[in-house]
Amino acid sequence: MSELLERAWPEATLNDVQRLRVIAAGLPGVGYAEGIVDASIERVWGLAGDLVHGTPQIELSVRSSEILERNGDHLVVRAQTYLGMPIDFNVELRFGWCLMQSRNALVGMAAIEEEPGHSTRFAHFEGVNSWGRILAPFFRWNVMGDIKRISRILRRNQ
Amino acid sequence: MMPPPFELMVTPELIRAAQAGDAQAMSQILDGLSPWVGRICGSIAFESGADAAQDALIQVFRDLKTLREPAALRGWVRRIATREAVRHAQRERKAVAFVRDVGRSSEIPKPNDPTLITDIRTVLESLSPEQRAILVLRDLEGLSEDEAAQVLEVAKGTAKSRLHRARAAFLERWLS
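Same order as they appear, the protein sequences are chains A and B.
FYI, the numbering for the first sequence is 191 to 348, going by the numbering used here.
FYI, the numbering for the second sequence is 31 to 206, going by the numbering used here.
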């Protein structure tokens, strides 16, 4: 009976958006936002999770992006910005989840189905791991713009 | 009982890195903590277990910098998770009429029958959040009465009587 009782206790599981909320809570220098995109998760992640072709369309500051190394879910990605400086990110990437970290910059994205086949909850943060909370409002404004841009691109490409 | 995997995954070095703002260290800590926190919160808060686990872990990560001794992580997280789970379960209990049919099938299920697990779950769900919390801490987490009382922030005698009542209620409903 005791073994059965142990198996009977239910385990709650966090989805990827909940995971991203938790990580963002530990990073005071990032701006976090989430929104509903009217497209299937396959289309949303097909754009947002494509760091080579999708990121330059979504991120206005990124001119191009290339994968330097890949080892399973772990990548090294170089983003070329319009300001001329390349930024190398260590990346954790799988369907519905992306966490990018350079020496100073942090980016996170997560997606879950809201209404299967029709809409997706997309969560996003950007920021720095220094400077405390000073720049967080700016980054929040920025990631809200990214989410709107994803919606616009997917609407245009329908 | 096997040691929880997070003790092997969440090293003091990883905690120090996360405290310094390393997001990927945080992600690894989250991988280590979330099944265990999910078990505590799911067992106490049932339907709102995932929300409780999320809120508990948000609190843990927001305040991680204040943790001076990595060895204290387990007790600290357990306290936060239990408190959040009880809070969520109480809120849900107020919102939903808590009338559950714990009636049982007249057929006796076999030991591996999934309906038996479901029946046990139904009885556990019919207990109060406070009763589930003490059962989780004592029977699932293996804490002593003293330790469980500390986590729940109640006197040892209160924890003891709550455990007694929880076990009695479980048996009574199971056998009814």
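All residues carry an ideal CB built from backbone N, CA and C; glycine is no exception.
With DSSP run on the structure shown, which of helix, strand or coil describes residue i?
i	result
W204 (chain B)	helix
D278 (chain A)	strand
R323 (chain A)	coil
S174 (chain B)	coil
Q247 (chain A)	helix
I343 (chain A)	helix
N261 (chain A)	strand
S135 (chain B)	Low per-residue confidence applies at S135 (chain B): pLDDT is 37, beneath 50, and the placement is therefore not dependable enough to give any value.
W354 (chain A)	Only positions 191 to 348 of chain A appear in the structure, and residue 354 (chain A) is not among them; the question remains open.
Q270 (chain A)	strand
S254 (chain A)	strand
G335 (chain A)	helix
V227 (chain A)	strand
Which residues in chain B have a C-beta closer than 9 Å to the C-beta of residue i? List them in chain order.
i	result
L204 (chain A)	L60, S64, V67, G68, A80, A83, Q84, L87
Is the distance from the Cβ of residue i to the Cβ of residue j below 9 Å?
i	j	result
D278 (chain A)	L296 (chain A)	no
A75 (chain B)	E122 (chain B)	yes
W331 (chain A)	V166 (chain B)	no
G219 (chain A)	C288 (chain A)	no
A178 (chain B)	L157 (chain B)	no
Q247 (chain A)	I337 (chain A)	no
V7 (chain B)	L103 (chain B)	Only positions 31 to 206 of chain B appear in the structure, and residue 7 (chain B) is not among them; the question remains open.
S320 (chain A)	G51 (chain B)	yes
Since residue i meets chain A, which of its residues come closer than 9 Å, beta carbon to beta carbon?
i	result
G72 (chain B)	W199, P200, E201, A202, T203
L94 (chain B)	G216
A48 (chain B)	G216
For the beta strand (DSSP E) that residue i lies in, which residues bound it at each end?
i	result
E183 (chain B)	Counting along the chain, E183 (chain B) falls outside any beta strand (DSSP E), and DSSP gives it neither H nor E.
V297 (chain A)	295 to 305
Would you kindly report the start and end of the unbroken alpha helix (DSSP H) that includes residue i?
i	result
A74 (chain B)	Before going further, note that residue 74 (chain B) is Ile rather than Ala in the sequence given. Unbroken alpha helix (DSSP H) run through I74 (chain B): 53 to 75.
A48 (chain B)	42 to 49
E99 (chain B)	Note, E99 (chain B): premise wrong, no alpha helix (DSSP H); not H, not E.
G79 (chain B)	79 to 92
F312 (chain A)	First-last for F312 (chain A): 309 to 318, but that is the beta strand (DSSP E), not the alpha helix (DSSP H).
E232 (chain A)	231 to 238
Of the choices the options, whose alpha-carbon is the least far from that of residue i?
i	options	result
D85 (chain B)	B:A185, B:R98, B:L97, B:V107	B:V107
S341 (chain A)	A:A326, A:I324, A:F312, A:P327	A:F312
P276 (chain A)	A:V242, A:E316, A:R253	A:R253
G79 (chain B)	B:A115, B:D176, B:K190	B:A115
M299 (chain A)	A:P306, A:T310, A:N261	A:T310
H264 (chain A)	A:G225, A:V281, A:E304	A:V281
For residue i, which residues in chain B fall below 7 Å Cβ to Cβ?
i	result
I211 (chain A)	Sequence inspection shows Arg at residue 211 (chain A); the Ile mentioned does not correspond to that position. Ordered by position in chain B, the residues that pass the 7 Å Cβ test against R211 (chain A) are Q84, I88.
L289 (chain A)	A53, Q54, S57
E282 (chain A)	Q54, S57
L296 (chain A)	A53
Beta carbon of residue i: closer than 8 Å to some heavy atom of the ligand GTP?
i	result
T41 (chain B)	The ligand GTP is not part of the structure shown, which contains no ligands of any sort.
Any Cβ of chain E within less than 9 Å of the Cβ of residue i?
i	result
N319 (chain A)	Given the protein chain composition of this structure (A and B), no chain E is represented.
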